[in-house]
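First the structure, in the form of structure tokens, and then the observations on it.
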Amino acid sequence: MKPIEIRTVDVVQYLKPLREGGSLPGLVKADDEFLYVIKFRGAGQGKKALIAELIGGELARAIGLHVPEIVFMNLDDTFSKTEPDEEIQDLLKFSVGLNLGLHFLSGAIVYDPLVSIADPMTASKVVLLDSMISNIDRTAKNTNLLNWHKELWLIDHGSSFYFHHNWATWETHLSRTFPAIKDHVLLERATKLEEAATEIENRIDPATIAEIVSKIPEEWLNSETDTLSPDAIRAAYIQFLETRLSQLNLLVKEAKNAR
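The sequence shown: position 256 = 256 (the UniProt record's numbering), numbered continuously.
In structure tokens form, the structure reads like this:
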């Protein structure tokens, strides 16, 4: 497989908060002159949301879906000192260090299930991806999809892998499927689930999963509240995803029944 390369950039300008996101992501400019949507380590779900964003986004890319480039973003302590809004000031202060960014898609339109386009194969792959990563946040109320240049783009996987908020019980999730798929915004259009499952199996293998999980920065895995070591956490993500991959036929059946 082709090695995954994730660039690291420095934030040079904080432009504005994007208040439509529950965790107050922001629009920033980096030292490479590009604009990014930054997801802050100091936001509500903390570093775990960044891990979910990284794994979910790179898995989506691996199966041929469109995801904005993901980068690591260094944020220094100067931005909080010049920010007048106290809420954002605190967010910037608690996010000093390594954060995560997605390339800003200028002119992109939020996906509207009533008028936007999503072909059956793409819809089916998105549904199965979200079943694999337990993404509870791709509903009609909050699609986390964009239309850009007449293509469907995936954003915001931070609510995925919700088992990682309690490592004491994570193994109980290995035998579960994903009933919440019944609320998926693309489920009605996902009419090629078997074909999508075959393509996912052809594109994703244990080496791909291990490569993606290896990109999680060590500092995102260190937490005083976690009961597992960083190495054990990486192994847990790998085991969970390998199990999900082996259960694709069950996820297909569940999604078809829900549809």
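By construction, the Cβ of each residue, glycine as well, lies at the ideal position given by its N, Cα and C atoms.
Residues Ser134 and Ile136 of the same chain have their beta carbon placed closer than 8 Å to that of Tyr162, with the five preceding and five following residues left out of the count. Burial check for Pro206: the Cβ neighbour count within 10 Å stays below 16, so the residue is exposed. Between Arg138 and Leu146, the CB-CB gap reaches or exceeds 9 Å. With three or more CB-CB distances shorter than 8 Å, the stretch 153-171 counts as touching the stretch 54-65. Straight-line spacing of the CA atoms in Leu248 and Val12 works out to 43 Å. A direct Cα-to-Cα measurement between Glu218 and Val115 gives close to 42 Å. Contact check for Leu27 against Ala123 fails: the beta carbons are separated by 9 Å or more. Ser223 sits close to Lys47, with the two beta carbons spaced by under 9 Å.
Non-local C-beta neighbours of His173 in its own chain, meaning closer than 6 Å and more than five positions away in sequence, comprise Phe163, ordered along the chain. Among the bridge pairs identified by DSSP, Thr139 is matched with Asn142 and His184. The shortest C-alpha to C-alpha distance from Lys215 to any of Val71, Leu250 and Gln239 is the one to Val71.
Exclusion of the five residues before and after Arg259 leaves Leu187, Glu188 and Ala190 as the residues of its chain whose Cβ lies within less than 7 Å of its Cβ. Taking a C-beta distance under 9 Å as the contact criterion, His184 and Asp130 qualify as a contact pair. Per the C-alpha coordinates, the member of Glu5, Ile51 and Phe94 positioned closest to Ala43 is Phe94. Following the DSSP letters along the chain, one finds Gln45 in no alpha helix (DSSP H), marked with neither H nor E. Listed as beta-bridge partners of Leu100 by DSSP are Lys39 and Phe72. When the beta-carbon positions are compared, Ile204 and Ala255 stay at least 9 Å from each other. Between the alpha carbons of Leu251 and Glu83 lies a distance of about 46 Å. The beta-carbon distance between Leu221 and Ile233, rounded to whole angstroms, is 5 Å. This is short enough to meet the 8 Å contact definition.
For Leu18, there is no enclosing beta strand (DSSP E), as DSSP marks it with neither H nor E.
Residue range Pro206 to Ser214 is occupied by the alpha helix (DSSP H) that includes Ala210. Separation of Glu171 and Lys81 (C-alpha to C-alpha, rounded to the nearest whole angstrom) is 43 Å. In its chain, beyond the 5 residues on either side, Val9, Asp10, Val11, Val12, Tyr36, Val71, Met73 and Gly101 have a beta carbon closer than 8 Å to the beta carbon of Ala30. DSSP, read as helix, strand or coil, puts Lys29 in strand.
Close CB contacts of Val127 within its chain, under the 8 Å cut and outside five residues either way in sequence, are with Ile181, His184, Leu186, Leu187, Ala190, Leu193, Ala196 and Ala255 (chain order). Rounded to the nearest angstrom, the gap between the Cα atoms of Asp112 and Gly97 is 35 Å.
For Glu194, the enclosing alpha helix (DSSP H) stretches over residues Leu193 to Arg203.
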